[in-house]
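Contents: one structure, followed by commentary.
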Amino acid sequence: MAKLNKTARGKHRWIGICIDQPSSREEVESAIRGALGDLSWRLYDVKQSGGPTHAILKVSLEDHLSALSNLNAVASIATITSSGKIRLVRSRLSSSEISE
Numbered sequence: 001m002a003k004l005n006k007t008a009r010g011k012h013r014w015i016g017i018c019i020d021q022p023s024s025r026e027e028v029e030s031a032i033r034g035a036l037g038d039l040s041w042r043l044y045d046v047k048q049s050g051g052p053t054h055a056i057l058k059v060s061l062e063d064h065l066s067a068l069s070n071l072n073a074v075a076s077i078a079t080i081t082s083s084g085k086i087r088l089v090r091s092r093l094s095s096s097e098i099s100e
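Each residue of the sequence shown is one higher than the one before, starting from 1 at the first, in the numbering used here.
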């Protein structure tokens, strides 16, 4: 089966978030599901480092702004960064972990 070309895959954004309480992957998914409702998203990375939990999720470009506002509306979730490249979000999250 041939790979899809870049335009057929669609545009998306990666969002780096911070959750106040240390959480398991299932708890993070549940919190995001409650915040984003029926928006299309996928959870990629979850890092627990004793303090707050950091996670990266992927949303479509069309849903990006509404996803940001919905996530920031939840008291225990804060968006830290977003980008079209997961590499940039990972580096920004790791630098925010160092500064905390």
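Backbone N, C-alpha and C fix where the C-beta goes; we use that ideal spot for every residue, glycine too. What you are looking at is a predicted structure, and each value in this text was computed from that prediction instead of being measured.
- Taking 7 Å as the cut-off, the Cβ atoms of V89 and A35 do not count as close.
- Taking a C-beta distance under 7 Å as the contact criterion, K6 and L61 do not qualify as a contact pair.
- When the beta-carbon positions are compared, K47 and W14 stay at least 7 Å from each other.
- Residue pairing by DSSP puts R13 in a beta bridge opposite V59.
- Counting the other CB atoms within 10 Å of its CB gives S69 a total below 16, which places it among the exposed residues.
- Restricting attention to alpha helix (DSSP H) runs no shorter than 4 residues, the stretch 31-80 encloses them at 64-73, ordered along the chain.
- Taken atom to atom, the span from the alpha-carbon of G51 to that of V28 is near 14 Å.
- CA-to-CA, the gap between S82 and G37 works out to about 19 Å.
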